[in-house]
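Here is the structure we will look at.
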Amino acid sequence: MIDAQAVINYLVSKGLSFTTIDHAWTMEPVDKLDVPTPMLLVYPGQVGAQPSQFALRVIQDGSEQTVFLIICKSAELKSLEEELRLAFLGYEMSEHHSGMEFVGGAPEGIRGQYIWWKCTFQTQLQYRAI
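With our numbering, the residue at position 97 of the sequence shown is 102, and numbering never jumps.
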């Protein structure tokens with residue numbers, strides 16, 4: 006599973022335009038948003054693995070996702086999503102992970118003037134028990 010705090014630290018160091026970059030405190034849009042925007046929330050996404058191809062040891066190809074919620078005014082979304090994608094594309098969590106790849110983005114909801122946009126990235130790695 007991804008280390009959300011390491012992701013947050015990395016993105017904060019990049020000096021992005023978000024007023025807040027933090028752990029997600031919700032996965033759903035909320036009706037009353039009383040925090041400064043634009044905001045970027047981070048949480049671990051799907052984790053998967055393929056069956057091992059070896060009889061005497063376990064080596065599985067796996068994947069781990071990082072999910073972001075961009076919360077901003079609709080007019081700001083295009084530039085903020087692009088800024089996130091350019092900053093996070095290729096990021097390597099460790100020497101065991103491949104560079105982050107963009108999986109996709111989709112609206113989670115609109116509340117008043119704010120859009121909640123979900124952006125997903127994925128890395129590849131191997132799980133081993135030898």
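Even for Gly, the Cβ is constructed at its ideal location relative to N, Cα and C.
Bear in mind the structure is a predicted one, so any value in this text is a computation, not a measurement.
Based on the DSSP secondary-structure assignment, which residues constitute the bridge partners of residue i?
i	result
residue 116	119
residue 125	72 and 109
residue 21	According to DSSP, which records beta bridges pairwise, residue 21 is partnered with nothing at all.
residue 130	67
Work out the CA separation of residue j and residue i for me, nearest whole Å.
i	j	result
residue 32	residue 114	11 Å
residue 80	residue 87	13 Å
residue 28	residue 126	16 Å
residue 6	residue 116	30 Å
residue 100	residue 131	11 Å
residue 19	residue 92	7 Å
residue 14	residue 85	18 Å
residue 38	residue 112	17 Å
residue 55	residue 63	11 Å
Can you name the start and end residues of the alpha helix (DSSP H) that residue i belongs to?
i	result
residue 75	Taken as a continuous stretch (DSSP letters only), residue 75 belongs to no alpha helix (DSSP H), being part of the beta strand (DSSP E) at 63 to 78.
residue 9	9 to 18
residue 46	Here residue 46 belongs to no alpha helix (DSSP H); instead the beta strand (DSSP E) covers 44 to 54.
residue 93	82 to 93
Return the residue from the list the options that minimises the CA-CA distance to residue i.
i	options	result
residue 77	19, 13, 123 and 95	123
residue 57	67, 51, 50 and 48	67
residue 34	93, 129, 91 and 73	73
residue 42	75, 36, 110 and 19	75
residue 51	129, 44 and 134	129
residue 17	89, 48 and 83	89
residue 12	109, 108, 110 and 95	95
Could you check where the beta strand (DSSP E) with residue i kicks off and where it finishes?
i	result
residue 28	25 to 28
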